[in-house]
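Notes for the one structure printed next.
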Amino acid sequence: MLVLDLQVANEVRNGSIRPEFASVVALVEAGEDALDAARALVAQAPSTAVLARADVHLCAPIQPPPQIRDCSCFELHLRQSFAAARRMRVAREPDPEAALKAMNTRADDRVIDTFNRQPIYYKGNRFAVIGADDDVIWPTYSKVMDFELELACYIGRKGKNIPRDKAREYIVGFTIFNDMSARDAQAIEMVGMLGPAKSKDFDTGNVMGPCLVTADELGDPYDLNMIARVNGEEWGRGNTREMRWQFEDVIAHISRSETLYPGEVLGSGTVGNGCGLEQLRFLKPDDVVELEVDGIGILRTRVRKSDG
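To get the working numbering, take the position in the sequence shown, counting from 1, and add 388.
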C-alpha cells in the first residue's frame with residue numbers, strides 16, 4: 389500500500405499550498421471541487437509525494453471528528469446481546485436455566501420495540517478516537533473488554549431537515565468503526581437508563597480506519613460482508629444488508645430540527661455476531677482484533693494494559 393501526501397503533490401504539480409489539503413476534515417468541508425482536485429492529484433501522483441505505508445502512522449480518517457453518533461441498526465445484535473447478558477446475570481444461580489426462564493424480559497422487549505419504531509443512538513467521546521496504528525489501552529476500572537464491529541459513514545456537507553431520498557447525497561464516505569466496550573461497566577450503568585457512559589468513554593475507546601473510502605468508490609454500502617477476528621481466529625461475521633435502519637433513515641431522523649456538519653461520523657451499531665458478548669467470549673490483554681469490511685479493508689488493533 390502507498391500513501392499520497394496531497395499537500396506535497398499539489399505543491400509539486402501546481403506550485404501552491406491549498407488549505408483544504410491540510411487534513412481530511414478540511415478536504416470534506418471544502419466540498420466537491422476540493423475532492424475533484426484531490427482525485428486529479430491521485431491520478432497523476434508525483435513520486436516525491438508518495439510514501440510507503442510502513443513510513444506513515446495512520447490516525448483515524450478524521451481525528452477528532454466534529455461529532456460521533458453511534459446508532460443501533462442491527463436487530464440481531466440487540467437480541468443476541470440481551471440474551472447473552474441474561475445468561476451472564478444467572479450464571480451464579482443454583483439453577484441457571486430455571487432462573488433464566490423466570491427472568492423478566494420486559495425491559496429488553498421495550499428496547500426492541502423502540503428500535504423498530506425509530507432509529508436510536510448515543511453520542512460518543514470524539515476525543516477518544518484513534519486510528520489503525522494506535523493501541524487500545526485497557527481502562528483501569530474494567531475486567532471485561534469487548535470489541536464491536538461497525539460500519540460508519542461520514543457526513544460530507546452541512547444539512548438540516550434532510551429528507552430520506554436526499555440523504556445519500558450528504559454521505560462523503562465510509563470507514564470501519566471498532567466501538568470498544570467495557571462490558572462490566574456497561575452492565576452497571578445501563579440500569580440508570582441514560583445510555584452508555586464509562587463503558588464506552590475512555591481514552592482510545594473509539595477506533596476508526598484504516599481509511600475513508602469515498603461513497604463513489606464503495607458503491608452499494610448495503611451488501612458488504614463484515615468479519616471479526618481475534619488473534620487470527622474468526623469470531624463472527626454478518627452483512628450490511630441486515631441493517632434494519634440504513635444510514636439514510638438515520639440521517640433523516642437525526643437532522644430533524646438539528647444541523648449536521650461536514651466530518652461528523654455516524655456508526656451503524658454492531659452487526660449481528662460482531663462482538664464477543666454475543667458468544668460470551670471476551671478479550672485478553674495483548675489480543676489483536678481484526679475487523680474487515682468489503683471495499684474498505686481491515687482495521688487491526690492491539691488491546692493492551694497500560695504501562696503506567
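A virtual CB, placed ideally from N, CA and C, is assigned to each residue, including glycine.
Sorted by chain position, which residues of the same chain lie with C-beta nearer than 6 Å to residue i's C-beta, five sequence neighbours on each side aside?
i, result
"H641", "P507"
"I534", "Note on identity: in this sequence residue 534 is Asp, with Ile being the wrong assignment. Here the set comprises S569, R571, C663, G664, L665, F670."
"D674", "R692"
Which one or two residues does DSSP pair with residue i in a beta bridge?
i, result
"T689", "V677"
"V438", "L392"
"S460", "I508"
"A616", "G624, L679"
"V524", "V691"
"D534", "S569"
"I518", "V595"
"C663", "E536"
Since residue i contacts residue j with CB under 8 Å, what's their CB separation in whole angstroms?
i, j, result
"G657", "C459", "5 Å"
"Q634", "Y610", "6 Å"
"E678", "I686", "5 Å"
"L539", "F562", "6 Å"
"E636", "R556", "6 Å"
"V676", "R690", "5 Å"
"I456", "K511", "6 Å"
"T528", "S694", "7 Å"
"P650", "I543", "6 Å"
"G660", "E630", "6 Å"
"V478", "L488", "5 Å"
Could you spell out the range, first to last residue, of the alpha helix (DSSP H) harbouring residue i?
i, result
"S530", "No alpha helix (DSSP H) contains S530, which DSSP labels as neither H nor E."
"L423", "420-431"
"E485", "484-490"
Which residues in the same chain as residue i place their Cβ atom closer than 7 Å to its Cβ, once the five residues preceding and following it in sequence are excluded?
i, result
"V412", "P449, I450, L600"
Output needed for residue i: all residues of its chain with C-beta closer than 8 Å, excluding positions within five of it in sequence on either side, in chain order.
i, result
"N398", "S404, I405, R406, F409, A425, L429"
"N504", "E463, R632"
"T592", "A516, I518, D522, D523, V524, I525, M568"
"P454", "V413, R514, Y649, P650, G651, E652"
Exercise for review: Starting from the N-terminal side, write out each stretch of the beta strand (DSSP E) that is 3 residues or longer and does not extend beyond the region 621-660.
Suggested key: 621-627, 653-655
Point to revise | Complete runs of the beta strand (DSSP E) confined to the region 536-606 [at least 3 residues] | key: 537-543, 559-567, 594-602
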